[in-house]
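**Q** Can you keep this structure in mind? I'll have questions shortly.
Residue numbers (our numbering), protein chains in the order written: chain H, 77 to 408; chain U, 77 to 408.
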């Protein structure tokens, strides 16, 4: 614990305060993330409160050797109530109400602005908003010291390959700059990082994690991001997507040009299926029957096919959003 | 009607043939489009057959003064049956089976390859695949001669503004090149056109018209592209999308930085809503209750909100796909 004058809390509270170095928040548009040094968590009190919190199975070792644990909460609640219940136990354990100094918590994300007054009211704690992009780049250094956190995807063998980072000496090491940092939250920010502390936001897209969760929720009643990822592992996106082969047929020929049959042509392009009983009843080579009238007449003659499975939709959704982010990053 | 040796049909049929200059096809992944000189359509025969075809309300004047009409059919049927019924009436009117010369029809799109043998079998007509990108650029010249077909969107007044093309003397005229041609079909191709016949495909995305139709069909049972467009006119995408204001709160302050409150942060980001009855029953400031366990625990404490209306989803969907296409075009 240290008291740093450089961190300015968002109000002019002149009581003695301490900026916590064992607890920090990131409150995004979908999730509130609490990062906390593991040994600081009063496990018994959390259990006493009947609080079943969601903890990420991964943890990180900090430069001082502490183990950093990550807890996830919804940030959609008006009062951030489940995250607040957890924070109360954590913060009041070390800073009981009515005592001095008061705690100041570092936070990133839009919610650090939106929920500052709620946190002040309920914990008598101040929020100091730290620069999210600075934090991201610092966090990368920590990740580099964690085995298996850096990998490339081998497209030929369709699997992850871990990159050995031991020779890199952290993000400040040789050969790491410049790089693109693609931060996928509810939305997506793409940063060009040219050196330590030297970066700018160069691009972004609103088609991000919030889109995956939102569409997954509406399309196949997904209840979490993890569920969508797990479903997608067992699906076949080709049941939802149109490929070049679907458009051209799969007979080989010069017409295919630069495209292979399995090139993705239209994400979710197979989901549009309609029915039209009268036309369905007509024989294929017989009189064409009374097709649906009007501008939607092209729906005629097509039977409603069976929908792709949840797994297929999940894979198509993940691919649509991740390919798009990858492509925008490539174009920047 | 003319007989052009330069057009080579896809088979080595040595019988006399005529390449039609009054009828052409574009068979894409979702729709088959038939372009036909209006006076050639045997309207009575189409009516006799009980064929209710879907005709685009717009038509174009060709350079020879003919009026060109456009008809739409589904291309999803295995045998293209409704389009074939219409083509049979059109083609056999002028080229009865068993007579010579046989007709050769110009066509673009993947379906020109996929369905060539079906058309040959049913109409005894050959398909000659013409270059789609050439056709697109030629089509632009025609569009420039059509009042109101060229417009820009005035973002301040939120409406179309027609561009006067009378001084442009067609696409070959001064000041038109270079331009980006963004061809939105089931998928999207983006061409850089540097001069007459001088272009290359520079980009594209699988998130296109097929995605709009597919997601619209699955999310709110849309039955046509036109229905989605019409719905979107009456919706409010903000009920489905997360804005910067949703993430940060709408109090003014320096924290917002470069973003305005209504900047789109996450397309469809508001659709992820979950419920958890036990947590809902807990009081806001009371004991936190038995939250949902496990990794999806962050769903706790949030009531299932009412879903956005079909109109809202339609507007969000159209914006997601069109903004993305616009942005990729901008980045190219």
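Glycine residues also receive a C-beta, built at the ideal position from the N, C-alpha and C atoms.
In this text, all values refer to a predicted model and were calculated from it rather than measured experimentally.
1) Note down the Cα distance separating residue 101 (chain U) from residue 159 (chain U), rounded to an integer number of angstroms.
2) May I ask you to list, following chain order, the residues of the region 283-297 of chain H that have a beta carbon less than 7 Å from some beta carbon of chain U?
3) Residues in the same chain with beta-carbon distance under 6 Å from residue 258 (chain H), minus the five sequence neighbours each way, listed in chain order, please.
4) Residue 386 (chain U): buried (16+ other C-beta within 10 angstroms of its C-beta) or exposed?
5) Within its chain, find whatever has a CB closer than 6 Å to the CB of residue 401 (chain H); leave out the 5 residues flanking it on each side and keep chain order.
6) Would you mind listing the beta strand (DSSP E) stretches within the region 219-283 of chain H that are 3+ residues and don't spill past its ends, in chain order?
7) Express the C-alpha separation of residue 89 (chain H) and residue 198 (chain H) in angstroms, rounding to a whole number.
8) Pick from U:195, U:308, U:289, U:131: whose alpha carbon is nearest that of residue 300 (chain U)?
9) Shorter than 7 Å from the beta carbon of residue 190 (chain H) to some beta carbon of chain U?
10) Tell me, please, whether the region 129-138 of chain H touches the region 184-191 of chain H by the rule of three or more beta-carbon pairs shorter than 8 Å.
11) What are the boundary residues of the beta strand (DSSP E) that includes residue 191 (chain H)?
12) Report the rounded CA-to-CA distance for residue 391 (chain U) versus residue 307 (chain U), giving the unit in angstroms.
13) Which runs of the beta strand (DSSP E) fall wholly inside the region 289-345 of chain U and span at least 3 residues, in chain order?
14) For chain U, find out if any of its Cβ atoms is closer than 7 Å to the Cβ of residue 309 (chain H); answer yes or no.
15) Can residue 389 (chain H) and residue 252 (chain H) be called in contact, C-beta distance under 7 Å?
16) Entirely within the region 109-156 of chain U and at least 3 residues each: give me those beta strand (DSSP E) ranges in chain order.
17) What does a CB cutoff of less than 8 Å around residue 423 (chain H) pick up in its chain, not counting 5 residues either side in sequence?
18) For residue 91 (chain H), which option in H:201, H:323, H:170 has the closest C-alpha, if you only look at C-alpha atoms?
19) Are any of the Cβ atoms in chain U nearer than 7 Å to that of residue 398 (chain H)?
20) Kindly indicate which residue of U:124, U:123, U:165, U:94 has the alpha-carbon position closest to the one of residue 110 (chain U).
21) Does any heavy atom of the ligand SAM sit closer than 6 Å to the C-beta of residue 393 (chain U)?
22) Select from U:274, U:94, U:227, U:156 the residue whose C-alpha is nearest the C-alpha of residue 177 (chain U).
23) Does any CB atom of chain U fall closer than 7 Å to the CB of residue 323 (chain H)?
24) Just list the residues that DSSP pairs residue 204 (chain U) with in beta bridges.
25) Would you say residue 206 (chain H) and residue 162 (chain H) are within 7 Å of each other, going by their C-beta atoms?
26) Is residue 342 (chain H) close to chain U? Criterion is C-beta to C-beta, closer than 7 Å.
27) For residue 388 (chain U), which of helix, strand or coil comes out of DSSP?
28) Could you check whether the Cβ of residue 146 (chain U) sits closer than 7 Å to any Cβ belonging to chain H?
29) Please report the straight-line C-alpha distance between residue 334 (chain U) and residue 235 (chain U), rounded to a whole angstrom.
30) Rounded to the nearest angstrom, what separates residue 168 (chain U) and residue 270 (chain U) at their Cα positions?
31) Who are the Cβ neighbours of residue 254 (chain U) in its own chain at under 8 Å, not counting the five residues just before and after it?
32) Helix, strand or coil for residue 168 (chain U), going by three-state DSSP, please let me know.
33) Which residues in chain H sit within 9 Å of residue 404 (chain U), going by Cβ to Cβ distance?
34) Quick check: the Cα distance between residue 144 (chain U) and residue 113 (chain U), rounded to an integer number of angstroms?
35) Quick check: residue 276 (chain H) and residue 318 (chain H), are their CB atoms within less than 7 Å of each other?
**A** So, to answer that:
1) 10 Å
2) For the region 283-297 of chain H, residues whose beta-carbon sits nearer than 7 Å to a beta-carbon of chain U comprise 283, 284, 286, 287, 289, 290, 291, 293, 294, 295.
3) 266, 405
4) With 16 or more Cβ atoms within 10 Å of its Cβ, residue 386 (chain U) is classed as buried.
5) Same-chain partners within the cutoff: 264.
6) 227-230, 235-238, 255-260, 264-271, 274-281
7) 16 Å
8) U:289
9) So, interface residue.
10) no
11) Segment: none, residue 191 (chain H) is in no beta strand (DSSP E) and carries neither H nor E.
12) 7 Å
13) 340-342
14) no
15) The Cβ atoms of residue 389 (chain H) and residue 252 (chain H) lie no closer than 7 Å to each other.
16) 143-150
17) Any property of residue 423 (chain H) remains undetermined from this structure, which presents chain H solely from 77 to 408.
18) With respect to the C-alpha of residue 91 (chain H), the residue from H:201, H:323, H:170 having the closest C-alpha is H:201.
19) no
20) U:165
21) Of the ligands one can find in the structure shown there are none, so the ligand SAM has no counterpart to examine.
22) U:94
23) yes
24) U:182
25) In terms of Cβ geometry, residue 206 (chain H) and residue 162 (chain H) do not form a close pair [threshold 7 Å].
26) yes
27) helix
28) no
29) Residue 334 (chain U) and residue 235 (chain U): Cα-Cα distance of roughly 26 Å.
30) 41 Å
31) 268, 269, 270, 271
32) helix
33) 400, 403, 404, 407
34) 5 Å
35) No.
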